[in-house]
Amino acid sequence: MPELLNLAGLTLEFGGVKALNQVSLNVHAGHIEGLIGPNGAGKTSLFNLITGLYRPNQGEILFKGDSLLGIPPQHIAQRGIARTFQNIRLFPEMTLIDNVMVAMHSHLSYRFMDVLLRSKPFRQAELQARERASALLDRVGLSQHSGSLAGTLSYGNQRKLEIARALAMQPQLLLLDEPVAGMNPTEKNDIQALIRSLRAEHLSVLLIEHDMRFVMELCDALTVLDFGRVIAQGSPQAIQENPAVIAAYLGEETPRAG
Amino acid sequence: MATMLAQQLLNALSLGSIYALFALGFTLVFGILGVINLSHGGLFMLGAYAALFFLEAHWPAWIALPTAILVTGLIGLLIDLLILKRLRRQQAPHLMPMIATIGTTILMTSLAQGLFGAESRHFPLSFFDNASLTLGSLTLPYAQVVIILIAFGTMIVMGWLLKKTRLGIALQAIAESPRAAALLGIPVERLFHLTSFLAAILGGIAGILVGLSFNAISPFMGQPMLHKGIAAIILGGLGDMRGAVLGGLFLGFAEVLAVTYLSSEYRDAFSFGLLFLVLLWRPQGLFGATHVRSA
Amino acid sequence: MNWVDWWATYSTLVLSVGVYGMMALSISLTLSCGLLALANAAFMGIGAYVSAIATTTFELPFYPALLLGTLGSTLVALLIGLPVLRLSGVYLAMATLGFGEVVRIILLNLDITGGPLGLNGIPLLTQWWQVLLALLSTVIVLQCLRVSRIGRAFEAIREDETAARLMGISTHPLKLLAFVMGASIAGLAGGLNAHYTFTLSPGNFGFENAVDILTMAVLGGIRGLPGPLLGGAIITLLPEVLRDLQEYRMAANGLILILVVLFLPQGLWDSQRFRGWFKRA
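Residue numbers (the working numbering), protein chains in the order written: chain A, 1 to 258; chain B, 259 to 553; chain C, 554 to 834.
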């Protein structure tokens, strides 16, 4: 099975404290991989490493066999990695449709002169982009809000919009940071169905989530982080029975139901 | 030749100490409140005019000058209470306090011009006019001596206040992170007010000192001083108190020496050229390693 | 008063409304992508001086002179934009203010710019329709940008630069584009301005002018193109309207700035607010 993303021995230090310690994990093409662990285990830091916001002190990140180290975030994004954020980072004063279209930036290839002359390539590209953006909003169930400002959406809808925006980048790998946090059960089911349909389209997903039922039902494989270290890796069943994982979670009471 | 150099260095020291005092207040607000307060130049001008007003009302200098300083401090506090506080509550972006304080500066300048006229004035203090100390071949005008003593005295008191007292430690905590400081039980909002008050006092003292030495009290005196203040705190590293003082002194020496040995026309060009280079090459400033609080 | 007299009295004012409308659009372009750059007055000065020197000292015709002025400020913007745009927030504001001072001081000290006296006897070549045409072209170009991927990216950078980069947007070239285009507009406005005011002096393009231009954009609002035009017109006409206040005229200016920042942070022309009114009605 080909590996799309390959993390090897990643260590990240903040002022001498190791936020991540020798973390290795692989995301297989067309798989949904889960990343779980107590709060502060370093899960979001790992996303920040992959997307180029942080640089690791040690280790290697390979995407489709090429190293991502030292590549700026915008170029990593252009290579096909899209993400959402634990603390939602939409463009709140832009409309929903514009939020989605922003993410198509690097796929719109018309030139500056085309913009000024409103030439045919420009108008066609814009029209197609708008249609595609509408389709994406439809897919996450937000098409009726497409002209509203992103900041006016409910919390759950903002998470959905983040997913639509990430999909607009036409990524090969989607990083979801707590995609169903704060959602009600119906919404969670919608997102689960959405992520499954993405897998059916051969998109690979790496997701962080605290809702164990959601993770166990959805993921093909799981990695468990605790204090910056990988303490277990394997299938959902194997993870559920792993004593180290149980100990880690018992240490911080019961896992958050979400 | 040696005498001339000594005289120039003395000039540089008195000019630089005023810049340093001004810059200290300016950077204090940036370090603690996290905003660029562009009304600092206006407060500096206000200090000079308030002193002029009380002196012309025939108050004795030892009452008139402290009263003027206090008035300046209170206006600084007022700006914080009426404007900056609201903007903090709205979590307005950086631009907003800058524009609002440009507004207060324009307002103050215009009022000063309307009330006192546009022409340059000086304090009615004959005491300072020509008197000087003579040390060997060196003449020390009283005004310069007083300026240097007051400026450094004030900066030493501020330094003690910020480094050695509980208040200073609380302010340092706020400079690190207002939110964390609030969690530690520090009355952040009250200390923001106090900081604005103290900074305005420093600006006011600088204004009075300029009034003592130069025949330079004018409604428009604030703006060139603000430019020097900006240059000084960028040279020193934004928000860094020690850096601001060094930056101010450095600017004073650089200007006096540039005028003496180059040409007076390029005095301002020198400081701003330098500032520009520093910004491109070392935006964190020349002196001291600053961390910038991410707002 | 008949038309000819009216125009003789007010033509400068009318042309200034147009020219400062362009200036307000110029700064709103950089503000709209989150750059607090305050060098627009300096770019206007470069455009004004270059084109005025071209028509006076070198006796060039008006259009090539305007072109030279625009190119001059564009080129300078390109040169300083590359390093300066690495800075952000207040650092950028300080650096661009510093640059403005450097330009003013250079203008003050060169022989070709007439030193502190400035330039006199600049031919009065600017026609009203030329200002109108320049203003309209600016509006059209900016409107085209707004509804393209470039305009959307500007807005995204303003709202959350990191998120914009993670969407695959290369922010640095776009910021440079906004900065340089802003400078071109300012340079053209400066060239037009020089050829109806007869004289130029370095003080016209200093800190106060920079602040005025910023005020126009903030007062009008930077969320659309009508805002800066409105702000430019108000700030240009205000001294005329407040003439009776004499030296307190500037006080009114200051007060307006404070009140707008506190109570209308989006400026006078806020399409979102207007939309809200219609929804409620």
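Glycine included, each C-beta is placed from N, C-alpha and C at the ideal position.
Asked	Found
The segment 101-126 of chain A: positions lying closer than 8 Å to chain C by Cβ	M101, V102, A103, M104, H105, S106, L108, Y110, F112, V115, L116, R118, F122 and E126
Contact belief for G30(A) with S204(A) at Cβ below 8 Å, rounded distance in angstroms	6 Å
Residue nearest to V643(C) in terms of C-alpha spacing, selected from I491(B), L460(B) and L310(B)	I491(B)
Cβ neighbour criterion (16 or more within 10 Å) applied to E314(B)	exposed
Delimiting residues of the alpha helix (DSSP H) encompassing A592(C)	That residue, A592(C), is in no alpha helix (DSSP H); it is neither H nor E in DSSP.
Beta carbon of I360(B) nearer than 7 Å to that of V764(C)	yes
Below-7 Å beta-carbon distance, M720(C) vs any chain A residue	yes
Three-state secondary structure assigned by DSSP to S392(B)	Residue identity check: residue 392(B) is Thr in the sequence provided, not Ser. Strand, per DSSP.
Unbroken beta strand (DSSP E) run spanning G234(A), endpoints	R229 to G234
Three-state secondary structure assigned by DSSP to P255(A)	Here the model assigns P255(A) a pLDDT of 49, short of 50, so the residue's position is not dependable and the matter cannot be decided.
Span of the alpha helix (DSSP H) around V656(C)	G642 to N662
Anticipated Cβ contact below 8 Å, L90(A) with L161(A), distance rounded	6 Å
Proximity of M222(B) and G300(B) at Cβ, strictly below 7 Å	It is not possible to answer for residue 222(B), since the shown part of chain B is limited to 259 through 553.
Beta-carbon contacts of S235(A) that lie in its chain and below 7 Å, excluding the five residues immediately before and after	A221
Pairwise C-alpha distance: A739(C) and D823(C)	24 Å
Reduced DSSP category for E201(A) - H, G, I as helix; E, B as strand; rest coil	coil
For H28(A), the three-state DSSP class (helix, strand or coil)	strand
Every unbroken alpha helix (DSSP H) inside the segment 482-545 of chain B [4 residues or more]	499-519 and 525-539
Span separating the alpha-carbon of A125(A) from that of L153(A)	28 Å
Validate contact between the segment 562-575 of chain C and the segment 609-622 of chain C using beta carbons, cut 8 Å, 3 pairs	no
The segment 187-196 of chain A touching the segment 103-116 of chain A, judged by at least three CB pairs closer than 8 Å	no
C-alpha gap between G182(A) and G156(A), whole angstroms	6 Å
Those residues which DSSP pairs with G34(A) across a bridge	L207(A) and L222(A)
Spatial neighbours of I466(B) in its chain, beta-carbon cut-off 8 Å, leaving aside the 5 residues before and after	G305, A306, A309, L323, A326 and I327
M483(B) to N555(C) span [Cα, whole Å]	48 Å
Exposure of I357(B), with buried meaning 16 or more beta-carbon neighbours within 10 Å	buried
Contact check, A594(C) vs T583(C), beta carbons under 7 Å	no
Cβ of R344(B) within 7 Å of any chain C Cβ	yes
Rounded straight-line distance, which links the Cα of V446(B) to that of A553(B)	Confidence at A553(B) is low in this model, with a pLDDT of 34, below 50, so its placement is unreliable and the value that follows should be read with caution. In a straight line, the C-alpha of A553(B) is about 16 Å away from that of V446(B).
Enclosing alpha helix (DSSP H) for N762(C) [first to last residue]	F760 to G773
DSSP three-state assignment for I61(A), whether helix, strand or coil	strand
Cutoff 7 Å; reference A630(C); Cβ partners in own chain excluding five residues on either side	F596, F732, V733 and A736
Beta carbon of L62(A) nearer than 7 Å to that of N99(A)	no
Proximity to A770(C) [Cα-Cα], best of N757(C), E761(C) and A786(C)	A786(C)
Interface flag, M597(C) vs chain B, CB-CB below 7 Å	no
Contact under 7 Å by Cβ, A319(B) with G506(B)	no
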